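Asker: Numbering (this note's numbering), first residue to last: 1 to 307.
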Amino acid sequence: MGLGFGGLGFVSQPSAPNSQSPNLTAHRLQSRFVNIGVFDSGVGGLSVLREMRRLMPNADMTYLADQANVPYGPRPLSEIQTLTERGARWLVSRGCDVVVIACNTASAAALGHVRGIFPSVPFVGMEPAVKPAAIATKTGVIGVFATAATLKAARFAGLVDRFASHLRVIEQPCPEWVECVEKGGTCDAVKAKLWPVLEAGADALVLGCTHFPFLQIEIDAVIAEFGIRNSKFEIHVIDPGPAVARQVMKVANSHSGGRWLVEAQNLASLPASLQKNTPFFTTGDAVKFESQARALLGWGDIRAYGV
Ligand code: DGL
Numbered sequence: 001m002g003l004g005f006g007g008l009g010f011v012s013q014p015s016a017p018n019s020q021s022p023n024l025t026a027h028r029l030q031s032r033f034v035n036i037g038v039f040d041s042g043v044g045g046l047s048v049l050r051e052m053r054r055l056m057p058n059a060d061m062t063y064l065a066d067q068a069n070v071p072y073g074p075r076p077l078s079e080i081q082t083l084t085e086r087g088a089r090w091l092v093s094r095g096c097d098v099v100v101i102a103c104n105t106a107s108a109a110a111l112g113h114v115r116g117i118f119p120s121v122p123f124v125g126m127e128p129a130v131k132p133a134a135i136a137t138k139t140g141v142i143g144v145f146a147t148a149a150t151l152k153a154a155r156f157a158g159l160v161d162r163f164a165s166h167l168r169v170i171e172q173p174c175p176e177w178v179e180c181v182e183k184g185g186t187c188d189a190v191k192a193k194l195w196p197v198l199e200a201g202a203d204a205l206v207l208g209c210t211h212f213p214f215l216q217i218e219i220d221a222v223i224a225e226f227g228i229r230n231s232k233f234e235i236h237v238i239d240p241g242p243a244v245a246r247q248v249m250k251v252a253n254s255h256s257g258g259r260w261l262v263e264a265q266n267l268a269s270l271p272a273s274l275q276k277n278t279p280f281f282t283t284g285d286a287v288k289f290e291s292q293a294r295a296l297l298g299w300g301d302i303r304a305y306g307v
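1. Whole-angstrom Cβ separation of Pro-128 and Val-144, contact assumed at under 8 Å?
2. Can at least three beta-carbon pairs, one atom from the segment 84–103 and one from the segment 174–183, be found at a separation below 8 Å?
3. Residues in its own chain within less than 8 Å of Arg-50 by CB, not counting five upstream and five downstream?
4. Which whole runs of the alpha helix (DSSP H) in the segment 177–219 are 4 residues long or more, in chain order?
5. DSSP on Arg-303, reduced to helix/strand/coil?
6. May I ask which residues mark the beginning and end of the beta strand (DSSP E) holding Ile-36?
7. Could you check what DSSP says for His-166 in three-state terms: helix, strand or coil?
8. Please classify Ser-120 as buried or exposed, where buried requires at least 16 other C-beta atoms within 10 Å of its C-beta.
9. So, is Asn-230 buried or exposed, given that buried needs 16 or more other C-beta atoms within 10 angstroms?
10. With 16 other CB atoms within 10 Å as the buried threshold, where does Thr-150 fall?
11. How is Pro-128 classed by DSSP in three states: helix, strand or coil?
12. Quick one: does the C-beta of Pro-242 sit closer than 7 Å to a heavy atom of ligand 1?
13. Mind checking whether Gly-45 and Tyr-72 have CB atoms under 8 Å apart?
14. Out of Leu-159, Glu-234 and Lys-152, which has the shortest C-alpha to C-alpha gap to Leu-77?
15. Provide the residue(s) that pair with His-236 in DSSP beta bridges, ordered along the chain.
16. Buried or exposed for Val-287, please, with buried defined as at least 16 other CB atoms from any protein chain shown within 10 angstroms of its CB.
17. For Ser-31, name the three-state secondary structure that DSSP assigns.
18. Could you compute how far the alpha carbon of Asn-35 sits from the alpha carbon of Lys-183?
19. Can you determine whether any heavy atom of ligand 1 sits closer than 7 Å to the C-beta of Tyr-63, and answer yes or no?
20. What does DSSP give as the partner residues of Ala-65 in its beta bridges?
Structure follows, in structure tokens:
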């Protein structure tokens with residue numbers, strides 16, 4: 001657990017002191033920029049990657065999806081640990097300087113483990129954003145939507161103890177939502193899982209799985225339908241993606257050995273040739289991944305490779 005970051009949606013090691021301001025007004029453009037590895041069981045980590053790309057247009061990013069083994073959620077923690085170690089090893093062997101475990105389930109099962117195995121690599125992991133939800137709620141009821149593995153991990157129990165022991169926390173495992181995002185198309189299971197949590201009075205909803213921000217339109221539609229009939233309170237949906245991206249940027253700046261990142265505010269002054277594409281890799285079917293990623297990200301130019 002990183003010092004002082006608990007419950008915000010990300011888990012990071014404390015940064016090394018950084019003499020370089022990350023808020024650049026003039027950039028040093030060098031031949032090799034920091035390379036950030038991003039790992040998920042499937043396409044969910046793309047919800048974090050899109051936020052990272054917005055903030056860091058000139059960073060090299062390498063995405064690995066373990067789609068041969070998705071979903072991770074129903075698997076035992078020991079198996080998730082083995083799979084995550086394999087993914088992290090592959091990203092490190094490709095020269096990634098920083099690795100983002102863009103998966104709550106893999107982070108819950110294996111973040112400490114991979115940090116032990118690769119002590120010189122900074123890892124940023126994810127955890128359900130219980131703290132912002134605890135701050136936002138007016139009803140005293142929060143809903144956490146995640147995989148079964150995330151909800152049963154000790155890390156989650158620790159978050160609830162620290163930040164929400166005075167609240168009612170409704171844990172809602174949603175394996176169907178992961179399946180919907182991997183398959184594409186509409187998802188009837190959104191209403192089935194969300195409605196009872198709203199009926200129980202939850203007004204702060206934590207998206208504790210990186211696949212779920214891709215269901216935002218359906219989630220908003222259910223909240224709107226519920227709100228018309230019932231709610232007296234504003235309902236907050238907490239996607240930790242933007243906070244995780246900011247944390248990755250801080251860590252990458254601290255550890256990039258002078259290979260500075262350029263923030264989005266400076267994008268206009270960055271030559272187009274230095275705005276990077278991301279190579280995508282999957283243990284599943286690369287052609288299928290390309291069409292999934294194009295649909296989810298809305299980017300035209302996506303190349304995926306099988307590993
Ligand atoms: N995207 C993953 C997460 O954030 C999990 C999906 C799965 O079950 O593989 O937890």
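Yeah, the Cβ is synthetic: ideal placement off N, Cα and C, and Gly gets one too.
Given the structure is predicted, the values throughout are model-derived calculations rather than measurements.
Answerer: Reading off the structure:
1. 5 Å
2. no
3. Gly-241 and Leu-297
4. 189–199
5. coil
6. 35–40
7. coil
8. exposed
9. exposed
10. buried
11. coil
12. no
13. no
14. Lys-152
15. Ala-204
16. exposed
17. Unreliable placement is indicated for Ser-31, whose pLDDT of 36 sits below 50; the coordinate value is still reported in the next sentence. Reduced to three states, the DSSP call for Ser-31 is coil.
18. 29 Å
19. no
20. Asp-40 and Thr-282
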